[in-house]
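Have a look at the structure below before the remarks.
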Amino acid sequence: QALPLSWAQQRLWFLDQLDHAAGAAYHMPAALRLKGQLDCAALQATLDRIVARHEVLRTTFVQSAGAAEQRIAPADCGFCLVTHDLRHLPGHEQAFAVSRIGTDEARQAFDLAQGPLIRGQLLRLGEQEHILLITQHHIISDGWS
1 QALPLSWAQQ
11 RLWFLDQLDH
21 AAGAAYHMPA
31 ALRLKGQLDC
41 AALQATLDRI
51 VARHEVLRTT
61 FVQSAGAAEQ
71 RIAPADCGFC
81 LVTHDLRHLP
91 GHEQAFAVSR
101 IGTDEARQAF
111 DLAQGPLIRG
121 QLLRLGEQEH
131 ILLITQHHII
141 SDGWS
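So that you can map any letter, position 29 of the sequence shown is 29 in full-length UniProt numbering, and since no number is skipped, the others follow by simple counting.
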């Protein structure tokens, strides 16, 4: 089902078409430090359910017949969570790896037509400590909702 874009989405889509390399300015990265035992399967299932529940997290933006339109992927498309096990690294190397992965994650380009426009990485620092990185494109999130 093709849907029209909102005015705000049209603006962001146009800017992406104009200069795709500048798209990182519209990335919304977040990092959550998780302490305690983590059930990774439960985390994945939760993220999958959030994506299934909210169509905007499954939405891509394509050009068709000269106009931009939204397309919504099936509810079972899931959430792509990449896991990095950093437990083997000494403290200073681990901190450097966290910084590098976080920076790379925030800068990695989104393809508005292919999606997904939200992604995540789980950094395993120890048995009781993780960092969850979530990045989404501003075209699917206004920061208020």
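By construction, the Cβ of each residue, glycine as well, lies at the ideal position given by its N, Cα and C atoms. Predicted model, so just to flag it, every value in this text is computed and none were measured.
Backbone secondary structure at residue i - three-state DSSP
| i | result |
| --- | --- |
| Ala73 | coil |
| Ala47 | In the sequence as displayed, the identity of residue 47 is Leu instead of Ala. Here Leu47 sits in helix by DSSP. |
| Phe61 | strand |
| Asp16 | helix |
| His84 | strand |
| Asp120 | Here the sequence assigns Gly to residue 120, which means Asp is not the residue at that position. Gly120: strand per DSSP, three-state reduction. |
| Gly23 | helix |
| Ala113 | coil |
| Asp104 | helix |
| Ser99 | helix |
CA-to-CA distance, residue j to residue i, given in whole angstroms
| i | j | result |
| --- | --- | --- |
| Leu38 | Leu47 | 14 Å |
| Glu129 | Arg87 | 10 Å |
| Ala97 | Gln136 | 21 Å |
| Ile131 | Ala65 | 43 Å |
| Gly102 | Gly126 | 17 Å |
| Asp142 | His27 | 11 Å |
| Pro4 | Ala41 | 36 Å |
| Thr83 | Ala30 | 16 Å |
| Lys35 | Arg100 | 21 Å |
| Glu93 | Arg119 | 24 Å |
| Gln114 | Gly91 | 37 Å |
Beta-carbon contacts of residue i that lie in its chain and below 6 Å, excluding the five residues immediately before and after
| i | result |
| --- | --- |
| Asp85 | Arg124 |
| Glu105 | Gln121, Leu133, Thr135 |
| Cys77 | Arg58 |
| Ile56 | Residue identity check: residue 56 is Val in the sequence provided, not Ile. Within the same chain, Val56 has close Cβ partners Ile140. |
Counterpart residues of residue i in DSSP-defined beta bridges
| i | result |
| --- | --- |
| Ala30 | Ile134 |
| Leu3 | Gln70 |
| Gly91 | For Gly91, which the question treats as bridged, DSSP gives no partner whatsoever. |
| Glu129 | Lys35, Gly126 |
Cβ shell of residue i (< 7 Å), same chain only, five flanking positions each side left out
| i | result |
| --- | --- |
| Asp19 | none |
| Trp13 | Leu5, Phe61, Ala68, Leu112, Ile139 |
Cutoff 8 Å; reference residue i; Cβ partners in own chain excluding five residues on either side
| i | result |
| --- | --- |
| Leu89 | Ala97 |
| Gln10 | Ala68 |
| Gln44 | Phe79, Leu81 |
Using a Cβ distance threshold of 8 Å, determine whether the region 20-35 contacts the region 67-83, with at least three qualifying pairs required.
Segments in contact, no.
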